[in-house]
Each structure stands twice: as C-alpha cells, then as structure tokens.
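Quick notes on the structure that follows.
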Amino acid sequence: MLNSAFATMLQRELLLSVRKLSDSLHPLWFFILVVALFPLSLGPDSDQLRVLAPGLIWVIALLALMLSVDGLFRSDFIDGSLEQLLLGVQPLYFLTLAKLLAHCVVTGVPLIIVSPLLALFFGLPAEALPELILSLLLGVPTLIFIGAIGAALTVGFQRGGLLLSLLIMPMYLPVLIFGASAVQVATAGFAVTGQLSILAGLLCLAFGLAPLAVSAALRLHFYY
Amino acid sequence: MWSFFHKLGSPRWFYKISGQLLPVFIVSALGLLIWGSVWGLAYAPEDFRQGNSYRIIFIHVPAAFVALAGYYVMATAGAISLIWKMKLADIVMQAAAPIGAAMTFIALFTGAVWGKPTWGTWWVWDARITSMLVLFFLYIGVIALRQAFESAEQAGKACAVLCLVGTVNIPIIYKSVDWWYSLHQPATIKIIGETSMHDDMWWPLLVMIFAFYLLYGSALLLNTRLGVLQREQKTRWVRDLLG
C-alpha cells in the first residue's frame with residue numbers, strides 16, 4: 022500500500038515534468054547561460070578561469086537549483102492537490118520523498134550530465150572530472166532536499182523567490198564549502214575522500230530529515 | 003517541578019512573574035557591566051603585543067558568546083512551541099530573534115574594529131568570521147519569515163521549523179576555528195583544561211560574559227513581555243492592565 026502510494030507519486034511527478042518538458046529544462050539553460058557570463062565579465066583569461074572554475078561551477082549549480090525548487094510545491098498548492106495529499110491517509114513523508122526524488126531526476130541529473138561540458142568551458146583539468154561529477158552527485162540531491170524545506174515554508178506566497186533564497190542560502194553553505202573544496206583539491210591532484218565522505222554524510226542527513234521538515238512546513242499552510 | 007512548566011503556558015502568569023524578575027535582571031546586568039568594563043578597560047594590564055587595542059575583547063567575546071547561545075534559546079523555544087504548542091514559547095522565539103541578530107552584529111562589528119589594528123584589515127574571509135556572518139543571516143531569515151506571514155500562528159510554526167533546521171549550522175560555527183585553522187585564533191577559553199589567558203585579563207572577561215548573559219536575559223524578558231501584550235491584546239487582563 023505504502024509502496025504503491027510512493028510509486029504513484031513518483032510516476033505522477035515524472036509524468037508531469039515530461040508533459041512540461043520545457044519548464045523542467047529551465048534550470049539547465051540557466052546553468053549554462055550563467056557560466057557564459059563569467060568569461061564575459063572576468064575576461065577570457067583561461068588561467069584565471071581555471072583557478073575559479075570549481076567554485077564557479079558549484080555556485081552556479083547552487084543558484085540554478087535554488088531557483089528551481091521555488092516552484093516545487095506551488096502549482097500543487099494552488100490547484101488544491103496538495104491539500105488532498107495532506108488530507109489523505111498516506112504518510113506525507115513518503116509522498117514528499119517521492120516528489121523530491123522526482124525533482125532530483127528531472128532537474129539534478131541534467132545538471133550533473135552537462136557539468137563536464139562546463140568544466141571544459143572553464144578549462145578544468147580532465148583529471149578532476151570524476152571528482153566533480155561525484156561531488157555533484159552527492160551534493161545536488163542535498164541541495165534539492167534542503168531547498169525543498171524553504172520552498173515548503175514559502176509556498177503560500179505569490180513571489181517567494183527572494184525570501185526563499187534568504188532562508189535557504191545559509192543552510193547551503195556547508196554543502197558548497199565541501200563540494201567546491203573537493204573539486205579544488207582534486208584539481209591540485211590530492212585525494213578527496215574526506216570531502217566526499219562529508220558530502221555523503223550531509224546527503225544522508227538531508228535524506229532522512231528534510232522530508233519531515235517539508236511535511237511539517239506544508240501542513241502549517243492549512244492551519245487556520 | 004512540572005507545575006512550573008505548565009504555568010508557563012499562561013502568558014498572564016508569565017507577565018506577572020517576569021515583572022518581578024525584571025528589576026533583578028536589569029540591576030545585576032548593569033552592575034556587572036559597570037564593574038566588568040571599569041576593571042577590563044582601566045585596571046586590567048596592557049597586552050604585551052597588542053597594547054590597549056586588545057581591550058575590545060571585553061565586548062567582542064561576550065557578545066559572540068551570547069549571539070551563539072541566543073540561537074539555542076530561539077531554537078529550543080521553537081521546539082517547545084512545535085511540540086507542546088505553547089503560546090509563550092512562540093513569543094519567546096519571536097523575541098529572541100532581533101536580540102540575537104543585534105548581538106551577532108555587535109560581535110562582527112567589534113571584530114572588524116579589532117581586526118584593523120591587529121591584522122591590518124577590517125575583514126577577512128576566515129572560517130569563524132564567515133560563520134558568524136551566516137549566523138547573522140540565520141537570524142535575519144527568521145525575522146523575515148515571520149513578517150511574511152499574516153497569521154501569527156502560521157508564522158510561529160514556520161519560524162520554529164526554520165530555527166530547528168538552522169540548528170544544524172550551529173555546531174559548525176562553534177567548531178569552525180578548531181577545524182579550519184586560519185587568522186582567527188582558536189578558542190582560548192575552555193571549560194575543561196587550562197585557559198590560555200592570564201588571570202588578570204581572564205577575570206574581568208568572565209565578569210563581562212556574565213554581564214552580557216544577564217543583559218541578554220533582560221532584553222529577552224522585556225521583548226517577550228511586549229510580545230505577550232501584543233498577542234494577548236484582546237484579552238480582558240491586558241485591557242484592564244493598560245486601562
């Protein structure tokens with residue numbers, strides 16, 4: 022019963038994003054476009070860009086994901102399906118988990134797939150690519166899970182985007198620090214097991230606790 | 003013991019008791035503040051390397067202490083209001099946010115003023131300083147979220163969730179100087195083990211730390227009392243009180 026609810030939710034979310042494919046691709050275009058801003062503003066000096074690349078890629082990925090989670094619950098909130106989910110018998114934890122996992126697949130995976138291309142733009146050495154992809158694989162779901170808490174808190178506001186970033190950005194910093202440092206250290210040719218382990222730990226923490234916080238935050242909007 | 007906890011559920015009872023406690027807090031806070039600052043600023047010995055400029059430590063360190071502890075106060079109040087749905091805890095959480103933000107700002111500002119003569123720069127992106135800036139934004143986030151809601155009950159729940167999520171950052175802020183060794187010195191004051199500071203400087207600092215805790219307590223009581231009056235403005239006892 023539980024599994025079927027989880028699976029149904031996952032299927033619904035994936036189907037919805039396939040139907041609105043162009044919406045789902047917005048974060049990806051944003052990601053690539055912002056990358057192009059940096060050579061234009063900092064100058065096309067490839068040595069300088071190579072040094073900045075790990076931090077830049079991580080910051081841009083963070084911003085793209087933060088913008089993408091803003092609308093995560095809003096359409097469901099407006100059309101009333103969120104209220105039906107809250108009223109239903111299924112535990113909200115698994116329903117939100119399914120929603121978040123679907124978002125990871127639809128938004129996170131394309132970002133990770135396209136990241137080697139961006140690393141190439143910035144001239145990041147090829148040896149650091151596996152670490153970049155691994156760190157993003159561990160970090161991107163964490164960012165989505167944390168961001169979803171902010172999205173759930175601000176779902177009732179018409180334009181919650183700026184407030185969302187104010188709430189969520191401080192929570193994003195640990196992920197950003199260890200993610201960017203993993204790529205940086207890998208560029209210098211050292212082992213990055215430490216950073217990756219911490220990222221994995223943060224992911225476990227977010228995976229276990231964030232759906233709880235999201236459920237609590239979603240419920241409060243129907244509290245009168 | 004539990005009857006005390008249950009009584010806290012009544013804002014009216016709290017208003018009465020806090021009115022009696024408040025003078026004690028304010029008088030002892032002011033007394034310790036005057037004692038500590040005169041001792042620290044006038045009588046404590048000059049630092050061998052930094053001269054007199056080190057004396058800002060008597061504001062900087064206590065403010066930073068209270069800024070961090072203030073987040074725990076806020077988060078604990080948030081947890082209590084979520085779990086026991088206690089109205090007073092929500093008001094305490096609301097009252098704690100601006101005071102904590104102010105304390106964090108004082109710590110950052112005095113740190114910048116102190117950094118100029120000793121490090122030669124107003125600001126460095128050091129682990130401790132950056133994490134205190136993050137703490138400042140955690141407080142600002144809670145204040146902003148509260149103002150975004152129209153209903154006080156929704157705002158209280160939302161802020162409580164946000165406070166609890168933000169608690170994850172606090173151990174990182176505490177430990178940042180030990181984990182990332184950089185310009186800011188590691189913690190000198192230790193509960194266990196030897197404090198690496200001379201007694202003549204350490205005692206006035208301790209007095210100032212207690213003074214700041216009491217100052218924080220007074221500000222929190224005052225702000226909470228204001229919150230109680232605002233939240234309960236429709237009840238008879240508040241109307242009787244204010245005439």
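Protein chains in written order, with our numbering: chain A, 22 to 245; chain B, 3 to 245. The C-beta atom is built at its ideal place from N, Cα and C for all residues, glycine as well. No experiment lies behind these values; they were computed from the predicted model shown.
Out of the options, which one is the CA nearest neighbour of residue i?
i: T78 of chain B; options: B:A65, B:Q96 and B:V63; result: B:Q96
i: V94 of chain B; options: B:Q235, B:R227 and B:T237; result: B:R227
i: A237 of chain A; options: B:V115, B:F139, B:A160 and B:S12; result: B:A160
i: L174 of chain A; options: A:R95, A:Q69 and A:L49; result: A:R95
i: L86 of chain A; options: A:L217, A:A169 and A:V213; result: A:A169
i: E34 of chain A; options: A:P195, A:S102 and A:L184; result: A:S102
i: L250 of chain A; options: A:G109, A:F52 and A:L118; result: The requested residue 250 of chain A does not occur in the structure, where chain A is confined to residues 22 to 245.
i: G80 of chain B; options: B:A162, B:Y218, B:A129 and B:D201; result: B:A162
i: L184 of chain A; options: B:E152, B:V167 and B:G143; result: B:G143
i: L24 of chain B; options: B:V68, B:Y218 and B:E234; result: B:Y218
i: P65 of chain A; options: A:M190, A:F143 and A:L220; result: A:F143
i: M88 of chain B; options: B:M210, B:V115 and B:S12; result: B:S12
i: M203 of chain B; options: B:R14, B:I108, B:V26 and B:L43; result: B:L43
i: L34 of chain B; options: B:T237, B:Y215 and B:V230; result: B:Y215
i: Y56 of chain B; options: B:L243, B:W116, B:A71 and B:Q149; result: B:W116
i: I174 of chain B; options: B:G38, B:W124 and B:V136; result: B:V136
i: R148 of chain B; options: B:A46, B:D92, B:S39 and B:A31; result: B:D92
i: Q179 of chain A; options: A:V110, A:D91, A:L83 and A:L54; result: A:D91
i: S218 of chain A; options: A:P112, A:L230, A:L157 and A:A123; result: A:L157
i: V230 of chain B; options: B:H8, B:W15, B:A104 and B:F151; result: B:W15
For residue i, collect the residues of the same chain with a Cβ closer than 7 Å to its Cβ; drop the 5 residues on either side in sequence, then sort them by chain order.
i: L224 of chain A; result: L159, P162 and T163
i: F51 of chain A; result: A85 and L88
i: V213 of chain A; result: E152, A203, V206 and A207
i: A149 of chain A; result: V204, A207 and T208
i: A99 of chain B; result: M76, Y141, V144 and I145
i: R71 of chain A; result: F143, G144 and L145
i: P60 of chain A; result: L70
i: V235 of chain A; result: T117, A169, I170 and A173
i: W37 of chain B; result: V209
Taking only beta-carbon atoms, is residue i less than 8 Å away from chain B?
i: A201 of chain A; result: no
i: L241 of chain A; result: yes
i: L187 of chain A; result: yes
i: M192 of chain A; result: yes
i: A172 of chain A; result: no
i: L217 of chain A; result: no
i: A221 of chain A; result: no
i: L84 of chain A; result: no
i: F166 of chain A; result: no
i: L197 of chain A; result: no
i: L184 of chain A; result: yes
i: F143 of chain A; result: no
i: A234 of chain A; result: yes
i: A238 of chain A; result: yes
i: F178 of chain A; result: yes
Using beta carbons (cut-off 8 Å, strictly below), is residue i in contact with chain A?
i: L147 of chain B; result: yes
i: Q96 of chain B; result: no
i: L110 of chain B; result: no
i: N54 of chain B; result: no
i: L70 of chain B; result: no
i: I61 of chain B; result: no
i: A79 of chain B; result: no
i: K168 of chain B; result: Before going on, a small fix: residue 168 of chain B reads as Gly here, not Lys. So, interface residue.
i: A150 of chain B; result: yes
i: G102 of chain B; result: no
i: A160 of chain B; result: yes
i: F139 of chain B; result: yes
What is the DSSP secondary structure of residue i, counted as helix, strand or coil?
i: G53 of chain B; result: strand
i: H242 of chain A; result: helix
i: L10 of chain B; result: coil
i: S153 of chain B; result: coil
i: F178 of chain A; result: coil
i: G229 of chain B; result: helix
i: P232 of chain A; result: helix
i: H200 of chain B; result: coil
i: K159 of chain B; result: helix
i: E34 of chain A; result: helix
i: T208 of chain A; result: helix
Within the same chain, show all residues whose beta-carbon is closer than 6 Å to that of residue i, passing over the 5 residues directly before and after it, in chain order.
i: T112 of chain B; result: I58, I61 and H62
i: L49 of chain A; result: P131
i: S39 of chain B; result: none
i: E234 of chain B; result: P13 and V240
For residue i, I'd like the list of residues in its chain whose CB is within less than 8 Å of its CB, leaving aside the five on either flank, ordered along the chain.
i: I28 of chain B; result: S220
i: A9 of chain A; result: Nothing about residue 9 of chain A can be read from this structure; chain A reaches only from 22 to 245.
i: I154 of chain A; result: I133, S136 and P137
Exercise for the section: Can you check the segment 82 to 169 of chain A for any alpha helix (DSSP H) of at least 4 residues that lies completely inside it and give the ranges in chain order? Expected result: Correct list: 95 to 100, 102 to 108, 113 to 124 and 130 to 143.
Problem - Whole alpha helix (DSSP H) elements within the segment 74 to 134 of chain B, 4-residue minimum - result: Here the runs fully enclosed are 89 to 121.
Practice task
Check each residue of the segment 228 to 244 of chain B: if its Cβ is closer than 9 Å to any Cβ of chain E, include it; give the result in chain order.
Solution key: In the displayed structure, chain E is absent; the protein chains listed are A and B.
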